[in-house]
Amino acid sequence: MKVEGKITSATGASIGAFISAYDKASGQRVFSGKPLPDGSYELYLLEGRVYELAVDPEQDHVTFFSKSIDLTSDRIPQSEKLDIVLKPVQAGDEIDLSGVRFKPQSSELDHAAEADLKRLARMVKAATDLKVELQVLLTGYQEDSVQSSPDLTEITVDSIQSQIEMLDSAGQATMVDTIVVRTIYHNDRTEHQALSVMNFLLSEGVPSDRLLYFVNARPEAIEEKRGVLVKARLLK
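In terms of the numbering used here, the sequence shown has 247 at position 80, counting the first letter as 1, and numbering is strictly consecutive.
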């Protein structure tokens with residue numbers, strides 16, 4: 168498949184950048200190059216594989232781009248036009264980290280997540296006046312009173328205090344304090360996953376006082392819409 172387009176700044180001018188494409192299964196780089204002086208580029212990818220297309224700016228304080236391209240389906244277009252805008256990062260910008268994934272039923276980062284997180288770390292370290300809020304959002308929260316699925320890896324224990332009426336030895340009714348313990352198995356690993364991302368960024372030299380996180384989990388009835396989304400938001 169042919170991938171083509173333009174890489175420009177927010178004003179439409181050409182901008183210095185490096186283009187790479189990787190086979191996600193093997194990690195092998197299958198393309199490396201730079202856009203032409205007018206910002207245009209083109210490359211060809213073989214069918215039957217899943218690729219990561221990445222565009223890295225020459226200057227660290229500029230945003231980056233990455234996209235997964237799946238060429239394993241039956242119907243593959245002959246070409247895809249992909250125009251990419253890179254710009255100096257500023258407060259309010261939201262960085263798509265959809266390439267950041269975790270190992271199944273785990274908070275551990277998948278090895279393939281490292282590339283985007285290294286790009287993010289490089290950008291954040293260059294933009295010294297900004298903080299980054301990591302967002303880990305789970306669509307498809309589930310819980311049960313028993314571990315009915317391997318995905319329910321987390322445990323929350325709730326205790327509910329109440330009073331019940333009982334008869335004492337003299338046959339008189341009296342109120343007695345009681346505690347009911349309830350165990351909930353669930354799949355909300357978002358906080359641990361956010362901390363895994365933060366720890367990786369710390370290992371890349373991002374100062375801890377510039378890192379925040381936000382997590383959210385909500386149910387989703389349609390299985391195809393379930394998943395974990397990771398984003399980064401730049402703050403002043």
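Ideal Cβ placement from N, Cα and C applies to all residues, glycine included. Keep in mind it's a predicted model, so treat the numbers as computed, not measured.
DSSP on residue i, reduced to helix/strand/coil?
{"i": "residue 191", "result": "coil"}
{"i": "residue 333", "result": "strand"}
{"i": "residue 280", "result": "helix"}
{"i": "residue 225", "result": "coil"}
{"i": "residue 364", "result": "helix"}
{"i": "residue 409", "result": "Since the first and last residues shown for the chain are 168 and 403, residue 409 lies out of range."}
{"i": "residue 168", "result": "coil"}
{"i": "residue 270", "result": "coil"}
{"i": "residue 356", "result": "coil"}
{"i": "residue 240", "result": "coil"}
{"i": "residue 291", "result": "helix"}
{"i": "residue 369", "result": "helix"}
{"i": "residue 316", "result": "coil"}
{"i": "residue 375", "result": "helix"}
{"i": "residue 285", "result": "helix"}
{"i": "residue 310", "result": "strand"}
{"i": "residue 209", "result": "strand"}
{"i": "residue 234", "result": "strand"}
From the DSSP secondary-structure annotation, give me the bridge partner or partners of residue i.
{"i": "residue 349", "result": "325"}
{"i": "residue 397", "result": "303"}
{"i": "residue 380", "result": "301"}
{"i": "residue 247", "result": "170"}
{"i": "residue 264", "result": "Partner(s): none; residue 264 has no beta bridge."}
{"i": "residue 402", "result": "298"}
{"i": "residue 200", "result": "186"}
{"i": "residue 252", "result": "175"}
So residue i and residue j are in contact, right, with Cβ under 8 Å, and what is the actual spacing, rounded?
{"i": "residue 197", "j": "residue 190", "result": "6 Å"}
{"i": "residue 324", "j": "residue 348", "result": "6 Å"}
{"i": "residue 305", "j": "residue 311", "result": "Not quite, the Cβ-Cβ distance comes to about 16 Å (not below 8 Å), so this is no contact."}
{"i": "residue 276", "j": "residue 193", "result": "With a Cβ gap of about 19 Å, residue 276 and residue 193 do not count as contacting."}
{"i": "residue 220", "j": "residue 170", "result": "7 Å"}
{"i": "residue 330", "j": "residue 345", "result": "7 Å"}
{"i": "residue 253", "j": "residue 230", "result": "5 Å"}
{"i": "residue 261", "j": "residue 377", "result": "At roughly 17 Å, the Cβ-Cβ gap does not stay under 8 Å, so residue 261 and residue 377 are not in contact."}
{"i": "residue 244", "j": "residue 168", "result": "7 Å"}
Take residue i and list the residues in its own chain whose beta-carbon comes closer than 6 Å to its own, dropping the five residues that flank it on each side.
{"i": "residue 283", "result": "233, 264, 266 and 267"}
{"i": "residue 291", "result": "299 and 373"}
{"i": "residue 200", "result": "186"}
{"i": "residue 357", "result": "303, 305, 382 and 384"}
{"i": "residue 397", "result": "264, 267 and 303"}
{"i": "residue 393", "result": "306, 307 and 387"}
Ignore the nearest five residues each way along the sequence and tell me which others in residue i's own chain have a CB closer than 7 Å to its CB.
{"i": "residue 361", "result": "301, 303, 380 and 382"}
{"i": "residue 355", "result": "305, 308, 321 and 384"}
{"i": "residue 365", "result": "301, 378 and 380"}
Can you name, in chain order, every residue of its own chain whose Cβ lies under 8 Å from the Cβ of residue i, other than the five neighbours on each side?
{"i": "residue 217", "result": "190, 191, 192, 235, 236, 237, 238 and 239"}
Contact the segment 362 to 374 vs the segment 284 to 303: 3+ CB pairs below 8 Å: yes
Are there three or more Cβ pairs, one per stretch, closer than 8 Å when the segment 249 to 256 is compared with the segment 386 to 393? no
Within the chosen definition, does the segment 174 to 186 reach the segment 209 to 225 through at least 3 CB pairs nearer than 8 Å? Contact between the segment 174 to 186 and the segment 209 to 225 is present, with at least three C-beta pairs closer than 8 Å.
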